[in-house]
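When we follow my numbering, the leftmost residue of the sequence shown carries the number 513, and every step to the right adds one.
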Amino acid sequence: MTALATAPAAPPGLAHDVRVLAERDLRRSFSKGALIGTVVQPLLFFGIFYATFSRMLHAKGIDYGRFVTPTLVVQALMFVAIASAMSLATDRGSGLFNRLRTMPIAASALGTARLLVVAAEALTSTVVVTLVAHLAGFRFHAGPVAAIGFLLVAVAFTVALAAVTATLGLGLRNQEALAAALYLPYLPLLVVSTGFVPATLFPDWLQPVVRNSPVSAVIDALRALSGGEPTAGRVLPAVFWCAGLALFFGWTTARAFRKVTQ
Numbered sequence: 513m514t515a516l517a518t519a520p521a522a523p524p525g526l527a528h529d530v531r532v533l534a535e536r537d538l539r540r541s542f543s544k545g546a547l548i549g550t551v552v553q554p555l556l557f558f559g560i561f562y563a564t565f566s567r568m569l570h571a572k573g574i575d576y577g578r579f580v581t582p583t584l585v586v587q588a589l590m591f592v593a594i595a596s597a598m599s600l601a602t603d604r605g606s607g608l609f610n611r612l613r614t615m616p617i618a619a620s621a622l623g624t625a626r627l628l629v630v631a632a633e634a635l636t637s638t639v640v641v642t643l644v645a646h647l648a649g650f651r652f653h654a655g656p657v658a659a660i661g662f663l664l665v666a667v668a669f670t671v672a673l674a675a676v677t678a679t680l681g682l683g684l685r686n687q688e689a690l691a692a693a694l695y696l697p698y699l700p701l702l703v704v705s706t707g708f709v710p711a712t713l714f715p716d717w718l719q720p721v722v723r724n725s726p727v728s729a730v731i732d733a734l735r736a737l738s739g740g741e742p743t744a745g746r747v748l749p750a751v752f753w754c755a756g757l758a759l760f761f762g763w764t765t766a767r768a769f770r771k772v773t774q
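Set out below in structure tokens:
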């Protein structure tokens, strides 16, 4: 009896490569140590800001949960994007990219897997902050569709910001310079926005900067989606900013990645 020839198994494709790399990054991102940045740190900042601002805002007739919670969500998401870049730089320094280059792995798998993990981290941080903020009066007043939009804007902003930080993480070899480039802009971007005070309270010359900041756009969109006023005029600027940042810095990150793997 003649043995039947069997066709060789097809090589794993992009989906397989993304899954393997994403599982690796997920295990690292949701380890006990990494959860400090994803879960514990947002809760710590929430407690600090609640103790600092709740009475002052209440005296001015401002609902702390509705006004400040989107700001704290954005703050947590900025830390997620920063941590992603630091993790990317660590992988580069460890020689992981060189090892992957010698393996039959799709070139786009590493970036796709990293963005999926960033999205998972962003979703986790957003849910944690909003659940705790519920105790401080935060509510979704526009229904479940707007609540889903809230989560989608938060995740989209994190993915876009992760593309920005990834360009830095791949382009800067010095860890100290990278940390400075990632952390120094964080506080000015958050403070010079509508996160804590309305744009009208800034000096006249600074108000256009505050109003047109991507951080202000995202915070205002999250407030609109949670506060019952999800109009296109308040949500679309955030969508445009996220799309623009993701497209441009996705391109710069792809170029930087090609340089470090050549």
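In this text, a Cβ means the ideal position worked out from N, Cα and C, and glycines have one as well. Predicted model only: the values in this text are computed from it and were never measured.
Per DSSP, what kind of secondary structure is residue i in: helix, strand or coil?
{"i": "I660", "result": "helix"}
{"i": "R685", "result": "coil"}
{"i": "W717", "result": "coil"}
{"i": "P582", "result": "helix"}
{"i": "L770", "result": "According to the sequence as given, residue 770 is Arg; it is not Leu. Residue state, collapsed to three classes: helix."}
{"i": "H653", "result": "coil"}
{"i": "T712", "result": "helix"}
{"i": "D537", "result": "helix"}
{"i": "P742", "result": "coil"}
{"i": "D529", "result": "helix"}
Checking 8 Å against the spacing of the C-beta atoms, do residue i and residue j come in under that value?
{"i": "A675", "j": "G577", "result": "no"}
{"i": "L680", "j": "A693", "result": "yes"}
{"i": "A631", "j": "V667", "result": "yes"}
{"i": "A678", "j": "D537", "result": "no"}
{"i": "A736", "j": "R746", "result": "yes"}
{"i": "Y695", "j": "I617", "result": "no"}
{"i": "T670", "j": "L748", "result": "no"}
{"i": "V580", "j": "F561", "result": "yes"}
Residue range of the alpha helix (DSSP H) that residue i falls in?
{"i": "V641", "result": "621-646"}
{"i": "I617", "result": "That residue, I617, is in no alpha helix (DSSP H); it is neither H nor E in DSSP."}
{"i": "V703", "result": "698-703"}
{"i": "V730", "result": "726-739"}
Comparing C-alpha positions only, which one of the options sits nearest to residue i?
{"i": "G707", "options": "Y695, N724, W717", "result": "N724"}
{"i": "R531", "options": "V641, L627, L718, S738", "result": "L627"}
{"i": "A645", "options": "G559, A768, A634", "result": "G559"}
{"i": "V604", "options": "T743, L533, P656, R685", "result": "Looking at the sequence shown, residue 604 is not Val but Arg. Nearest option by C-alpha distance: R685."}
{"i": "L555", "options": "S728, A648, S596", "result": "A648"}
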